[in-house]
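*Asks:* Have a look at this one before I ask anything.
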Amino acid sequence: MSAPTVTSETVYFSPGRVWTIAVNTLTEMTRQKIFYFMIAFALLMIGAASFFSIFTFGVEAEYVTQLKFIKDTGLGAISVFGSIIAIVATAQLLPAELENRTIYTILAKPVHRLEFLLGKYFGAALLLVISVFLMGLLFLAVVALKERTLTRATYHETMEFAERGISKTATPEQRQKALAKAERDAAQAVAEIRKTSGYGGIVKALATVLCKLLLIAAMTLFLSTFATSMVFTVVMSAMLYFCGHLVPVAQQFYDRAESWLGKLMALVVNWVLPNLAAFDVADDLFAGLELAWLKVLKIVCYGAFYVLVTLTLAHLVFRQREI
Amino acid sequence: MKGNAALIALVLALAGAVKVPFEASMAADRPSNRLMLSVKMREQIGQGLSLALLGGVRALGADFLWVAARVAWEEHRWFTMQQNFEIVTLLQPRAIYFWDMASWHLAWNASHAAANDPAEPRMAMRVRNQRLWITAGRELLERGIQNNPDNAYLHERLGWLLHDKARDLCGAADATLKAVKLCKDWRIDYLRRLAGYWLEECAREVAPARLREAYDYWRDLWFKEHASHPPEQWDTIDKNIANRIQKLENELAVPDSERIFPKNKPSASVPPAR
Chain A
21 MSAPTVTSET VYFSPGRVWT IAVNTLTEMT RQKIFYFMIA FALLMIGAAS
71 FFSIFTFGVE AEYVTQLKFI KDTGLGAISV FGSIIAIVAT AQLLPAELEN
121 RTIYTILAKP VHRLEFLLGK YFGAALLLVI SVFLMGLLFL AVVALKERTL
171 TRATYHETME FAERGISKTA TPEQRQKALA KAERDAAQAV AEIRKTSGYG
221 GIVKALATVL CKLLLIAAMT LFLSTFATSM VFTVVMSAML YFCGHLVPVA
271 QQFYDRAESW LGKLMALVVN WVLPNLAAFD VADDLFAGLE LAWLKVLKIV
321 CYGAFYVLVT LTLAHLVFRQ REI
Chain B
2 MKGNAALIAL VLALAGAVKV PFEASMAADR PSNRLMLSVK MREQIGQGLS
52 LALLGGVRAL GADFLWVAAR VAWEEHRWFT MQQNFEIVTL LQPRAIYFWD
102 MASWHLAWNA SHAAANDPAE PRMAMRVRNQ RLWITAGREL LERGIQNNPD
152 NAYLHERLGW LLHDKARDLC GAADATLKAV KLCKDWRIDY LRRLAGYWLE
202 ECAREVAPAR LREAYDYWRD LWFKEHASHP PEQWDTIDKN IANRIQKLEN
252 ELAVPDSERI FPKNKPSASV PPAR
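Have a look at this one:
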C-alpha cells in the first residue's frame with residue numbers, strides 16, 4: 021500500500037501555518053542584538069529630546085517651541101530607527117533561510133510559498149509593532165513629563181507676577197480680585213499648554229509612522245525575493261526609501277518639466293512608487309491643523325493598499341524562484 | 002517567466018491607476034504635504050534639499066537647522082542665519098513660529114546690526130544694507146503668508162514689520178486689516194484698534210484720501226463695540242474710539258445729522274440708531 025502523495029493542490033492555505041512561521045520569525049529576530057541596540061538608541065534620543073528646549077530663541081510662546089522640539093525629535097527618532105529596523109530585519113529573512121538551508125526543510129513540508137512569505141512578513145510586522153509601541157510609550161511619557169514641568173512653571177510664574185503687581189495699598193477685596201483674575205489667566209495658559217501637547221495627534225502620528233514602517237518592510241521583502249545577497253537588499257531598500265519620499269517632488273517636477281524625457285521619468289516614479297511622504301503628518305500637527313481620524317484612516321488605507329500590492333508582487337516573484 | 006513579468010507589470014500598472022487619484026484626494030486633505038519649491042529656493046538650498054527628502058526626519062532636520070541658525074545669530078553670522086531660515090521654512094512651511102521668528106531676526110536684528118556695523122565706515126552703505134535685511138525679512142514673511150494665507154498672526158506681524166521697519170504705513174494698515182478679518186481669537190479687540198490707528202496714520206502721513214475710510218472704520222467699530230456689549234457695560238468701551246471719531250468728525254466736517262457726536266452734544270456715549 022503506497023502512501024498518499026501530498027501535492028500543493030491538495031494543501032489549502034492555512035492562517036495557522038502563517039502564524040506559526042510569524043511567531044518563529046519574531047523569536048529569531050528578537051535574539052539578534054542589533055535590534056536592541058537600535059531600540060536603545062531610539063529610546064535614548066527620545067529621552068534626550070527634552071534637552072532641546074534650551075535652543076528656543078526667546079521666551080515668547082516658549083512652551084510651543086519646547087513641545088515642538090520634543091515632538092519632532094521623538095517622531096523623527098521613531099521614524100528613522102523604525103525604518104532601519106524594518107529594512108535590516110526584513111532584508112535578512114529570506115537570505116538567512118537560504119544560507120542556513122532551513123528553507124528547504126520548511127518548503128519540503130506541506131507549506132505554501134505564500135504562507136512562508138506571509139509568515140516571514142508578519143513576523144517582521146510584529147517586531148515593528150512592538151518596537152513602535154515601546155518607543156511610542158516612552159515618547160508619550162517624555163511629552164507628559166515636559167507638559168507637567170511647563171504647566172507648573174507657567175502657573176507659578178503667572179501667580180507670582182500677579183502678586184508682584186498688587187499694590188501694597190490694595191484692599192483685601194482688590195487683592196482677592198487680582199488673584200482670582202491671575203488664577204483664571206494661569207488656568208487658561210495651562211489649558212493652552214495641554215492643548216499644545218496634543219496626545220491625540222501624537223497617537224495618530226504614531227499610527228501613520230507604523231503604517232510607513234510596515235510598507236517599508238513589505239518593500240524590502242519584495243526586493244529580497246529576487247536579490248542574491250542581503251547587502252543588495254539593504255542598499256536597494258534604502259534607495260527605495262529615499263525615492264519614496266521623493267514622490268511629491270516628482271509630482272511637481274512632472275508639472276513643470278519641459279523635456280519629454282524628464283516628464284516620462286517623473287511619471288514612472290509617480291506611477292510605480294508609493295508616496296512615503298504621505299505618511300509624515302508631523303507638519304500638520306505643528307501647524308495646529310486638526311488631523312481628523314478620517315484623514316488618518318485614509319493614510320492607513322493607502323498603506324494597507326500598498327502593502328497588499330507589494331506582497332502580491334513578492335509572491336509573484338517568489339513562487340517562481342528557483343531555490 | 003514572461004507571463005510572470007507581464008503579470009507583475011499589470012499589477013504595477015493597476016496599482017498606479019488606483020494610487021494617483023487616491024493620492025490626489027489625500028493631498029487635498031493635507032495641503033502642508035506639498036513642498037513649495039521655487040527656483041530661487043532650490044538654488045539656495047542645494048544639498049539642503051536632501052534633508053527635505055529624508056521624509057520622516059523633515060521636522061527634525063528643520064529643528065537642527067533652527068539650532069544652527071541660533072548659533073549663527075549668537076555669532077552674528079547673518080548670512081548663514083538667513084540661509085538656515087530659508088531651509089527651515091522650506092522644510093516646515095506650516096510652522097508659524099519659524100516664519101515669525103525668522104522674519105523678526107532678519108528685519109530687526111540683522112538690519113540693526115547692519116546699521117551699526119563697525120566694519121562699514123560709509124553711512125550710505127550701512128543704510129543700504131539695513132534696508133536689504135528689512136526687505137529680506139519682509140519677503141520671508143510674505144512667503145510665510147503665501148504658505149499660510151489664513152493665519153491672522155502672520156498678517157499682524159507683517160503689519161508690525163511694515164510699520165516699524167519699512168515705514169510703509171498704508172501697507173501696515175492693510176496687513177492689519179487683513180489680520181482683523183482672519184482673527185478668530187481673543188486678539189481681535191486689540192487688532193481692531195491697531196488697524197484703526199494705523200489706517201488713520203496712513204491717511205494723515207501718506208494718503209489723505211483715506212481719512213474718510215479711517216473715519217468709517219472707527220465708526221463701524223464704535224457700533225460693533227456697542228452691539229457686542231450690553232448697555233450697562235457701554236461705559237467700559239475704550240474711550241479712545243470716541244476720541245478718534247470726534248476728532249475725525251471735526252476734521253472731515255461731517256454734517257451734524259450724520260455725526261455720532263453732534264457738535265451740541267459732544268459727550269454722547271450712547272450710539273444713535275444707524
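Sequence order for the protein chains is A and B. Quick note: to get our numbering, add 20 to the position in the first sequence (first position is 1). Quick note: to get our numbering, add 1 to the position in the second sequence (first position is 1). Just so you know, even glycine gets a beta-carbon here, dropped at the ideal spot from N, CA and C.
1. Can you find a C-beta in chain B that's less than 8 Å from the C-beta of Lys-215/A?
2. Quick one, are the C-beta atoms of Trp-219/B and Arg-188/B less than 8 Å apart?
3. Where does Asn-1/B sit, in a helix, a strand or coil, going by DSSP?
4. I believe Lys-91/A touches Leu-305/A by the beta-carbon criterion, under 8 Å. Please report the beta-carbon distance rounded to the nearest angstrom.
5. Can you find the residues in the same chain that come closer than 8 Å, C-beta to C-beta, to Ile-242/B, ignoring five residues on each side of it along the sequence?
6. Leaving out the 5 sequence neighbours to the left and right, which residues in its chain are closer than 8 Å to Tyr-216/B when beta-carbon positions are compared?
7. Just curious, the alpha helix (DSSP H) that Ile-261/B is in, first and last residue?
8. Measuring straight from C-alpha to C-alpha, what distance separates Val-12/B and Val-223/A?
9. On a CA-only basis, which of Leu-336/A, Glu-342/A, Ile-343/A and Arg-341/A is nearest Asn-5/B? Give me that one, please.
10. From what residue to what residue does the alpha helix (DSSP H) around Asn-295/A run?
11. Tell me, please, whether the CB atom of Tyr-191/B is closer than 8 Å to any CB atom in chain A?
12. To which residues of the same chain is Leu-113/A closer than 6 Å at the C-beta, ignoring the five residues directly before and after it?
13. Count the other C-beta atoms from every protein chain shown that fall within 10 angstroms of the C-beta of Ser-39/B, then say buried if there are 16 or more, exposed otherwise.
14. Keeping to the same chain, check which residues put their C-beta closer than 8 Å to that of Gln-93/B; ignore five residues upstream and five downstream.
15. Which residues, in chain order, does the segment 209 to 222 of chain B contribute to contact with chain A at a C-beta distance below 7 Å?
16. Quick check on this structure: which residue in Ser-34/A, Val-267/A and Leu-87/A has the alpha carbon closest to the alpha carbon of Arg-168/A?
17. Which ranges does the alpha helix (DSSP H) cover as unbroken runs of at least 4 residues, wholly within the segment 165 to 220 of chain B, from first to last along the chain?
18. Give the DSSP-derived three-state secondary structure of Tyr-124/A in the structure shown.
19. Which residues in chain B have a C-beta closer than 7 Å to the C-beta of Asp-92/A? List them in chain order.
20. Quick check: what's the CA-CA separation for Asn-130/B versus Leu-91/B?
21. Would you kindly check if the distance between the Cβ of Phe-33/A and the Cβ of His-132/A is under 8 Å?
22. From what residue to what residue does the alpha helix (DSSP H) around Val-152/A run?
23. Taking the continuous alpha helix (DSSP H) assigned at Ile-41/A, which residues delimit it?
24. Taking Cβ-Cβ distances shorter than 7 Å, what residues in chain A pair up with Glu-24/B?
25. Please list, in chain order, the chain A residues whose beta carbon lies closer than 8 Å to that of Gly-138/B.
26. Pick from Ser-70/A, Glu-119/A, Tyr-83/A and Ala-62/A: whose alpha carbon is nearest that of Val-210/A?
27. Out of Leu-317/A, Val-327/A, Val-301/A and Phe-325/A, point me to the one whose CA is closest to Arg-95/B's CA.
28. At least one CB of chain B closer than 8 Å to the CB of Val-79/A: is that the case?
29. How long is the line joining the alpha carbons of Gln-272/A and Glu-310/A, rounded to whole angstroms?
30. Where does Tyr-32/A fall in DSSP's three states?
31. Cβ of Phe-262/A within 7 Å of any heavy atom in the ligand MN?
32. Please confirm whether Phe-325/A has its beta-carbon closer than 8 Å to some beta-carbon of chain B.
33. 8 Å is my cut-off, CB to CB: does Tyr-154/B come that close to chain A?
34. State buried or exposed for Ser-112/B, treating a residue as buried only when at least 16 other CB atoms are found within 10 Å of its CB.
35. Check whether the Cβ of Met-27/B lies closer than 8 Å to any Cβ atom in chain A.
36. Answer with buried or exposed for Leu-328/A, where buried requires no fewer than 16 other C-beta atoms within 10 angstroms of its C-beta.
*Replies:* Short version:
1. Looking up residue 215/A in the first sequence gives position 195. No, its Cβ sits nowhere closer than 8 Å to a Cβ of chain B.
2. One-based indexing of the second sequence puts residue 219/B at position 218. One-based indexing of the second sequence puts residue 188/B at position 187. It is not a contact, given that the beta carbons lie outside the stated cut-off.
3. Residue numbering for chain B in the displayed model covers 2 to 275; residue 1/B lies beyond these limits and cannot be assessed.
4. Stepping through the first sequence from its first residue, residue 91/A is reached at position 71. Stepping through the first sequence from its first residue, residue 305/A is reached at position 285. That belief holds up - the Cβ atoms of Lys-91/A and Leu-305/A are roughly 7 Å apart, short of 8 Å.
5. In the second sequence, counting from the first residue as 1, residue 242/B sits at position 241. Here the set comprises Arg-194, Gly-197, Trp-219, Leu-222, Trp-223 and Glu-226.
6. Translated into the one-based positions of the second sequence, residue 216/B becomes position 215. Hits under 8 Å: Ile-246, Leu-249, Glu-250, Leu-253 and Val-255.
7. Reading the second sequence from its first residue, position 260 is the one you call residue 261/B. Taken as a continuous stretch (DSSP letters only), Ile-261/B belongs to no alpha helix (DSSP H), as it is neither H nor E.
8. As a first step, residue 12/B must be located in the second sequence, where it is residue number 11. As a first step, residue 223/A must be located in the first sequence, where it is residue number 203. Each residue's alpha carbon lies about 33 Å from the other.
9. Taking the second sequence and counting its residues from 1, the one referred to as residue 5/B is at position 4. That would be Leu-336/A, whose Cα lies nearest to the Cα of Asn-5/B.
10. Along the first sequence, one-based indexing puts residue 295/A at 275. Looking at the DSSP string, Asn-295/A is not in any alpha helix (DSSP H), and its letter there is neither H nor E.
11. Working through the second sequence from its first residue, we reach residue 191/B at position 190. So no, Tyr-191/B is outside the interface.
12. If you number the first sequence from 1, residue 113/A lands on position 93. Lys-140.
13. Residue numbering aside, residue 39/B sits at position 38 when the second sequence is read from its first letter. Confidence at Ser-39/B is low in this model, with a pLDDT of 47, below 50, so the placement of that residue should be treated as unreliable; the coordinate-derived value is given next. Its Cβ having fewer than 16 others within 10 Å, Ser-39/B is exposed.
14. Residue 93/B sits at position 92 when you count from the first residue of the second sequence. Closer than 8 Å at the Cβ level, and outside the excluded window around Gln-93/B, lie Arg-59, Ala-60, Ala-63 and Phe-99.
15. none
16. To locate residue 168/A, count along the first sequence from 1; it is residue 148. For the residues Ser-34/A, Val-267/A and Leu-87/A, the minimum Cα distance to Arg-168/A belongs to Leu-87/A.
17. 170 to 183 and 189 to 206
18. For this step, residue 124/A is matched to residue 104 along the first sequence. Tyr-124/A: helix per DSSP, three-state reduction.
19. One-based indexing of the first sequence puts residue 92/A at position 72. The contacting residues are Ala-60, Leu-61 and Asp-64.
20. Taking the first residue of the second sequence as position 1, residue 130/B is located at position 129. Taking the first residue of the second sequence as position 1, residue 91/B is located at position 90. Using only the alpha carbons, I get a separation of about 25 Å.
21. For the purposes of this step, residue 132/A is taken as residue 112 along the first sequence, with counting starting at 1. For the purposes of this step, residue 33/A is taken as residue 13 along the first sequence, with counting starting at 1. Yes. Within cutoff.
22. Reading the first sequence from its first residue, position 132 is the one you call residue 152/A. Note, Val-152/A: alpha helix (DSSP H), 133 to 185.
23. Here residue 41/A is taken as the residue at index 21 of the first sequence, counted from 1. Counting along the chain, the alpha helix (DSSP H) containing Ile-41/A begins and ends at 35 to 50.
24. In the second sequence, residue 24/B corresponds to position 23, counting from 1. Residues of chain A passing the Cβ test: Asn-295 and Ala-298.
25. On the second sequence, position 137 is the one that residue 138/B refers to. Those do not exist, as Gly-138/B stays about 14 Å from chain A at its closest Cβ, beyond 8 Å.
26. Counting from one through the first sequence, the residue named residue 210/A turns up at place 190. Of the listed residues, the one whose Cα sits closest to Val-210/A is Tyr-83/A.
27. Translated into positions along the second sequence, residue 95/B becomes position 94. Comparing Cα positions, the closest option is Val-301/A.
28. Locating residue 79/A in the first sequence gives position 59, counting from the first residue. Per-residue confidence for Val-79/A stands at a pLDDT of 49, beneath the threshold of 50, marking its modelled position as unreliable; the derived number appears in the next sentence. Not closer than 8 Å to any Cβ of chain B, the Cβ of Val-79/A fails to qualify, so no.
29. The residue you call residue 272/A lines up with position 252 of the first sequence. The residue you call residue 310/A lines up with position 290 of the first sequence. C-alpha separation (whole angstroms): 25 Å.
30. Counted from its first residue, the first sequence places residue 32/A at position 12. It is coil, neither helix nor strand.
31. The ligand content of the structure shown is nil, which means the ligand MN is not present either.
32. Counting from 1 along the first sequence, the entry for residue 325/A is found at position 305. Yes, Phe-325/A counts as interfacial toward chain B.
33. On the second sequence, residue 154/B is found 153 positions in, with the first residue counted as 1. Tyr-154/B does not count as touching chain A.
34. Counting from one through the second sequence, the residue named residue 112/B turns up at place 111. Looking at its Cβ environment, which holds 16 or more other Cβ atoms inside 10 Å, Ser-112/B is buried.
35. Start at 1 with the first residue of the second sequence, and residue 27/B comes out as number 26. Answer yes: the Cβ-Cβ gap between Met-27/B and chain A drops below 8 Å somewhere.
36. The sequence position of residue 328/A within the first sequence is 308, counting from 1. Exposed.
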